[in-house]
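**Q** Numbering (the numbering used here), first residue to last: 2 to 226. Before anything else, here's the structure in question.
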């Protein structure tokens, strides 16, 4: 009951919603890093990647991790929508436009659009890979899913590859504002550190989506060899 009242208290206050949105956003950033590191095994070959994917998905804790990740994702989405709606209701349109021109950046102004693109991407990503075409292969005497083949075949289509890279470009826009804003919301806002936080946030926003995009392009070229 105490935890529920604490959560309700955070949700009821504007700053509480922003803090929760910042925390869930940073947790999702942590997932992006681990997901990218796992995907880098594509470069090591089919056996290594398929074994990694099999061991990851066959662990009983994967269901707990997936449920937690889904909860974090939709909580972040819910809070973002709620904060955006409340901000629009709290100030007249004319004032909002003046403020946007004076202080907002292209990254912050496109957050709703980039968030929508990311939502569509996540749904399609799950449909195409987690619940996509199933192939089996024999690795170390064990029959497991050949996810490597599924990934390579998906990126054989140049339009799918282009869409994936576009989504990563949009993700970079979202992260460029979201990461820095999250740290500021959580109190990491001091003239001595702001420059470092800004640079680190921008580096993260560039490197992580670029890593995913380069892997997609690499998979595409595997089909051209």
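Don't be surprised by glycine CBs; every beta carbon is placed ideally from N, CA and C. Since we're looking at a predicted model, the values are computed, not measured.
#1: Please state whether DSSP places residue 187 in a helix, a strand or coil.
#2: My output table needs one value for residue 67: the three-state DSSP class, helix, strand or coil.
#3: Excluding the five sequence neighbours on either side, which residues of its own chain have a C-beta within less than 6 Å of the C-beta of residue 224, listed in chain order?
#4: Looking only at DSSP bridge pairs, what is residue 137 linked to?
#5: From the DSSP output, in three-state form, read off residue 225 for me.
#6: On a Cα-Cα basis, can you pick out the residue from 141, 38, 219 and 65 that is closest to residue 165?
#7: Tell me whether residue 156 sits in a helix, a strand or coil according to DSSP, three-state version.
#8: How big is the Cα-Cα spacing for residue 150 and residue 171?
#9: Kindly indicate which three-state DSSP category residue 61 falls into: helix, strand or coil?
#10: Measuring only the C-alpha atoms, how far is residue 74 from residue 29?
#11: Which residue from 49, 42, 90 and 36 puts its Cα closest to that of residue 141?
#12: Could you pull the start and end residues of the alpha helix (DSSP H) that residue 26 belongs to?
#13: Mapping the DSSP letters down to three states, classify residue 113 as helix, strand or coil.
#14: Mapping DSSP to helix, strand and coil, what is residue 132?
#15: Reducing DSSP to helix, strand and coil, say where residue 102 ends up.
#16: For residue 181, which residues from the same chain have a beta carbon less than 7 Å from its beta carbon, with the 5 sequence-adjacent residues on both sides left out?
#17: By Cβ distance below 7 Å, which residues in the same chain neighbour residue 111 in space, the five residues on each side in sequence not counted?
#18: Are the CB atoms of residue 206 and residue 176 nearer to each other than 8 Å?
#19: Pick from 130, 169 and 81: whose alpha carbon is nearest that of residue 33?
#20: Give me the Cα-Cα distance between residue 61 and residue 119, rounded to the nearest whole angstrom.
**A** Result, derived from the coordinates:
#1: In the structure shown, residue 187 sits in coil (DSSP, three-state: anything other than H, G, I, E or B).
#2: DSSP, reduced to helix, strand and coil, places residue 67 within a helical segment of the structure shown.
#3: Cβ within range, chain order: 157.
#4: Answer is 146, bridged to residue 137.
#5: Looking at residue 225 - three-state DSSP - the assignment turns out to be coil, as it is neither helix nor strand.
#6: Measuring from the Cα of residue 165, the nearest candidate turns out to be 219.
#7: Coil, per DSSP.
#8: As the crow flies, the alpha-carbon of residue 150 is around 27 Å from that of residue 171.
#9: Residue 61 sits in coil when the DSSP states are folded into three classes, being neither helix nor strand.
#10: Here the alpha carbons of residue 29 and residue 74 stand approximately 7 Å from one another.
#11: Scanning 49, 42, 90 and 36 for the CA closest to the CA of residue 141 turns up 49.
#12: Per DSSP, residue 26 belongs to the alpha helix (DSSP H) from 15-40.
#13: In this structure, residue 113 counts as helix in the three-state DSSP scheme.
#14: DSSP places residue 132 in coil when its eight states are reduced to three.
#15: Reliability of the predicted coordinates at residue 102 is poor, the pLDDT of 49 falling under 50, and the value obtained from them is presented with this limitation in mind. Residue 102: helix per DSSP, three-state reduction.
#16: Excluding residues within five positions, the ones whose Cβ falls inside 7 Å are 198, 199 and 202.
#17: The residues are 174.
#18: Cβ atoms of residue 206 and residue 176: closer than 8 Å.
#19: Of 130, 169 and 81, the residue nearest in Cα terms is 169.
#20: In a straight line, the C-alpha of residue 61 is about 28 Å away from that of residue 119.
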